[in-house]
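A.B. asks:
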Amino acid sequence: MYVLGCKSRHSGPLPAITLAPASCWQQAAFQQQNKKQGQGRIFWAKNRQLFSSFHTFKPYTRRIQRLTSGSLLQDKKKYQGLALLIGALLMLVKFAGWWITGSNAILSDALESIVNVAASGFALYSIGYAARPQDLDHPYGHGKIEFLSAGLEGALIAIAGLAAMGKGVYNLFHPQPVSALGLGIGLTLFTGGVNWALAHMLLKKGRSLNSISMQADGRHLMTDVVTSGGLVLGLGLIYLTGQVWIDNVVAIVFGGIIILSGYRLLRDFVGGILDEADLSLVERVIVLLNRHRSKNWMDVHHLRIQRFGAGIHLDFHFTMPYYFTLEEAHREIDEVTRLVQQNLPHEAEFSIHGDPCLPPHSCGICLKDDCPVRRQPLQRRIEWTMSNAYQNEKHSLQTPD
């Protein structure tokens with residue numbers, strides 16, 4: 004391949020228009036590229052301060068310190084490990100109670116305990132996995148494994164409930180004797196009390212540490228407490244009346260309750276994987292922005308919040324005066340991110356798209372009384388709501404509250 008107008012190093016000077024090897028053209032292009040890069044470096048050095056703010060403005064992304072690091076992660080593992088150990092011990096107690104009494108109702112409770120132990124073990128693993136840092140393959144981190152943990156727990160619970168119902172239905176037609184009911188009632192009361200204390204601890208710590216796995220485990224154990232209370236009533240009726248069929252009916256009823264508990268966890272899992280909106284969290288952010296609203300903030304729109312395990316990602320458009328410099332706009336966005344981060348317990352990422360106002364359309368809703376380019380007076384203050392903050396359009400006089 005040959006090009007025009009290049010001097011060949013093999014044949015000496017050439018006429019103005021000649022043919023030369025393509026390698027010569029490539030060498031010239033490389034030299035020209037280096038020259039441009041050198042000029043670019045000089046331009047960058049002269050304008051470093053300007054570009055240092057520009058590259059974080061549109062869209063603006065800011066990383067907040069991870070809450071899953073250090074002592075908080077160790078606390079999660081400590082409490083979830085304690086739940087795993089206690090759950091394993093209670094499972095042995097329940098199976099011992101079923102072995103002694105032969106009660107299908109106690110068996111249904113024991114079968115669910117297998118799920119408790121398996122789910123607690125996976126939850127403990129998922130807590131450590133979710134704390135892994137972001138990488139190229141997982142730009143939003145690994146937090147969604149906690150939704151997977153809740154989904155697995157829900158599926159196992161539903162299977163245990165089906166097994167308990169099946170055993171109860173079978174023994175309605177093929178009865179078997181029940182014995183030592185007093186001991187069975189005592190063991191059920193004991194395990195129910197321990198589960199209540201454990202569930203209360205997991206729910207409290209799960210909320211404070213923002214652990215979906217711990218909260219799911221706590222809700223499951225609280226359901227287990229309710230079933231234990233029902234089992235005590237059922238076993239008490241058998242003890243008083245001597246009617247063995249009551250045991251099977253109780254097993255069927257509480258098998259259904261167990262299935263319902265599993266369905267709720269599966270529902271949470273599906274919602275998390277599909278990025279279902281947490282409306283209470285969205286409302287909380289909007290109320291916070293309204294309460295601390297600056298006169299430089301024209302509107303917030305296209306607001307979306309995504310959960311990824313213990314953390315959240317906030318994405319919205321933010322309208323400011325069109326004449327603001329990049330530095331001024333950057334300062335306003337910094338103020339918004341600090342405000343939200345300081346008032347939410349979640350690990351948070353922000354992706355904020357800065358929009359300029361559009362006079363005269365924006366003037367009627369602009370709260371900036373010292374605006375030097377105002378074309379019409381303020382006509383109404385628009386309260387930001389879930390409805391108008393969600394829409395992907397700038398606010399105007401026609402925007403509903």
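In the working numbering, the protein residues as written are 4 to 404.
For every residue, glycine included, the Cβ atom is placed at its ideal position computed from N, Cα and C.
Source: prediction; values computed, not measured.
(1) What are the residues that DSSP puts in a beta bridge with Gln309?
(2) Between which two residues does the alpha helix (DSSP H) carrying Leu223 extend?
(3) Measure the C-alpha to C-alpha separation of Ala254 and Gln345 and round it to an integer number of angstroms.
(4) What span of residues does the alpha helix (DSSP H) with Glu335 cover, start to end?
(5) Which of the three DSSP states, helix, strand or coil, is assigned to His398?
(6) Do the CB positions of Ser106 and Leu190 come within less than 8 Å of each other?
(7) Buried or exposed for Lys298, please, with buried defined as at least 16 other CB atoms from any protein chain shown within 10 angstroms of its CB.
(8) DSSP three-state label for Glu352, please.
(9) Would you call the CB atoms of Leu240 and Ala153 closer than 8 Å?
(10) Mind checking who His304 pairs with in its DSSP beta bridge?
(11) Using CA coordinates, which residue listed in Trp387, Ser390, Ile315 is at the minimum distance from Phe353?
(12) Of all the options Trp101, Phe176, Thr322, which has the alpha carbon lying nearest to the alpha carbon of Trp300?
(13) Any idea what DSSP makes of Gly105, helix, strand or coil?
(14) Sorted by chain position, which residues of the same chain lie with C-beta nearer than 6 Å to Asn391's C-beta, five sequence neighbours on each side aside?
(15) In chain order, what are the residue ranges of uninterrupted alpha helix (DSSP H) at least 4 long that sit wholly in the stretch 124-196?
(16) Note down the Cα distance separating Gly124 from His364, rounded to an integer number of angstroms.
(17) Going straight from the alpha carbon of Leu282 to that of Phe319, what length do you get?
(18) In chain order, what residues of the same chain lie with their CB nearer than 7 Å to the CB of Gln379, ignoring the 5 residues before and after it?
(19) Give the single residue among Gly131, Val96, Leu284 whose Cα lies nearest to the Cα of Pro348.
(20) For Ala351, which of Gly100, Leu317, Phe272 has the nearest alpha-carbon?
(21) Tell me which same chain residues have a C-beta within less than 7 Å of the C-beta of Gln179, skipping the five on either side of it?
(22) Put Trp28 into one of helix, strand or coil per three-state DSSP.
(23) Measure the beta-carbon distance from Leu186 to Ile103 and round it to whole angstroms, keeping in mind my assumption that it falls under 8 Å.
(24) Between the C-alpha atoms of Gly164 and Pro142, what's the straight-line distance to the nearest angstrom?
(25) Look at the Cβ atom of Ala113, then the Cβ atom of Ser216, and state whether they are nearer than 8 Å.
(26) In whole angstroms, give me the CA-to-CA distance for Val96 and Ile308.
(27) When you compare each of Ala161, Leu88, Lys397 to Asn198 by their alpha carbons, which one comes out closest?
(28) Please confirm whether any heavy atom of the ligand GDP lies closer than 7 Å to the CB of Lys97.
(29) Flag this pair as yes or no: are the beta carbons of Ala202 and Leu236 separated by less than 8 Å?
(30) Let me confirm a value: Gly90 is counted as buried when at least 16 other C-beta atoms fall within 10 Å, else exposed. Which label applies?
C.D. replies: On the basis of the data shown:
(1) Working through the sequence shown from its first residue, we reach residue 309 at position 306. For Gln309, the beta-bridge partners assigned by DSSP are His316.
(2) Walking along the sequence shown from the start, residue 223 turns up at place 220. First, the amino acid is wrong: residue 223 is His here, not Leu. Counting along the chain, the alpha helix (DSSP H) containing His223 begins and ends at 215-244.
(3) Position 251 of the sequence shown, counted from the start, is the residue given in the question as residue 254. Position 342 of the sequence shown, counted from the start, is the residue given in the question as residue 345. Cα to Cα, the separation comes out at about 49 Å.
(4) Taking the sequence shown and counting its residues from 1, the one referred to as residue 335 is at position 332. Boundaries of the alpha helix (DSSP H) harbouring Glu335: 329-346, taken from the DSSP string.
(5) The residue you call residue 398 lines up with position 395 of the sequence shown. His398 falls in the coil class under three-state DSSP.
(6) Within the sequence shown, residue 106 is the residue found at index 103, counting from 1. Within the sequence shown, residue 190 is the residue found at index 187, counting from 1. No, the Cβ-Cβ distance between Ser106 and Leu190 is not below 8 Å.
(7) As a working note, residue 298 is residue 295 in the sequence shown. Exposed: under 16 other Cβ atoms inside 10 Å.
(8) In the sequence shown, the residue the question calls residue 352 occupies position 349. In the structure shown, Glu352 sits in a strand (DSSP, three-state: E or B).
(9) Taking the sequence shown and counting its residues from 1, one reaches residue 240 at position 237. Taking the sequence shown and counting its residues from 1, one reaches residue 153 at position 150. Between Leu240 and Ala153, the gap from beta carbon to beta carbon reaches 8 Å or more.
(10) On the sequence shown, position 301 is the one that residue 304 refers to. Partner(s): His320.
(11) Position 350 of the sequence shown, counting from 1, holds the residue named residue 353. Distances from the alpha-carbon of Phe353 to those of Trp387, Ser390, Ile315 put Ile315 closest.
(12) The residue labelled residue 300 in the question sits at position 297 within the sequence shown. Measuring from the Cα of Trp300, the nearest candidate turns out to be Thr322.
(13) In the sequence shown, residue 105 corresponds to position 102, counting from 1. Note: Gly105 maps to coil in three-state DSSP.
(14) Taking the sequence shown and counting its residues from 1, one reaches residue 391 at position 388. The residues Thr402, in chain order, have a CB closer than 6 Å to that of Asn391 in the same chain once the five nearest residues on each side in sequence are set aside.
(15) Contiguous alpha helix (DSSP H) elements confined to the stretch 124-196 occur at 148-176, taking only those with 4 or more residues.
(16) In the sequence shown, counting from the first residue as 1, residue 124 sits at position 121. In the sequence shown, counting from the first residue as 1, residue 364 sits at position 361. Gly124 and His364 have their alpha carbons spaced roughly 58 Å apart.
(17) As a working mapping, residue 282 is identified with position 279 in the sequence shown. As a working mapping, residue 319 is identified with position 316 in the sequence shown. Distance between the alpha carbons of Leu282 and Phe319: 15 Å.
(18) Reading the sequence shown from its first residue, position 376 is the one you call residue 379. Within the same chain, and ignoring the five residues on either side of Gln379 in sequence, the residues whose Cβ sits closer than 7 Å to its Cβ are Pro363, Cys366, Gly367.
(19) Within the sequence shown, the letter at position 345 stands for residue 348. Selected option, being the one with the closest Cα: Leu284.
(20) Position 348 of the sequence shown, counting from 1, holds the residue named residue 351. Looking at the Cα atoms, Leu317 is the closest of the given residues.
(21) Taking the first residue of the sequence shown as 1, we reach residue 179 at position 176. The residues are Gly105.
(22) Position 25 of the sequence shown, counting from 1, holds the residue named residue 28. In this prediction, Trp28 scores a pLDDT of 37, lower than 50, which makes its location untrustworthy; the coordinate-derived value is nonetheless stated afterwards. It is helical.
(23) Indexing the sequence shown from 1 puts residue 186 at position 183. Indexing the sequence shown from 1 puts residue 103 at position 100. About 6 Å separates the two Cβ atoms, so the contact holds.
(24) In the sequence shown, counting from the first residue as 1, residue 164 sits at position 161. In the sequence shown, counting from the first residue as 1, residue 142 sits at position 139. Roughly 38 Å between the two C-alpha positions.
(25) As a first step, residue 113 must be located in the sequence shown, where it is residue number 110. As a first step, residue 216 must be located in the sequence shown, where it is residue number 213. Contact: no.
(26) Indexing the sequence shown from 1 puts residue 96 at position 93. Indexing the sequence shown from 1 puts residue 308 at position 305. In a straight line, the C-alpha of Val96 is about 44 Å away from that of Ile308.
(27) On the sequence shown, position 195 is the one that residue 198 refers to. Comparing alpha carbon positions, the residue from Ala161, Leu88, Lys397 closest to Asn198 is Leu88.
(28) Summarising the ligand content, the structure contains no ligands, and the ligand GDP is consequently not present.
(29) Taking the first residue of the sequence shown as position 1, residue 202 is located at position 199. Taking the first residue of the sequence shown as position 1, residue 236 is located at position 233. The answer is no: Cβ separation not under 8 Å.
(30) What you label residue 90 is simply residue 87 of the sequence shown in a count that begins at 1. If you draw a 10 Å sphere on the C-beta of Gly90, you find 16 or more other C-beta atoms in it, and that means buried.
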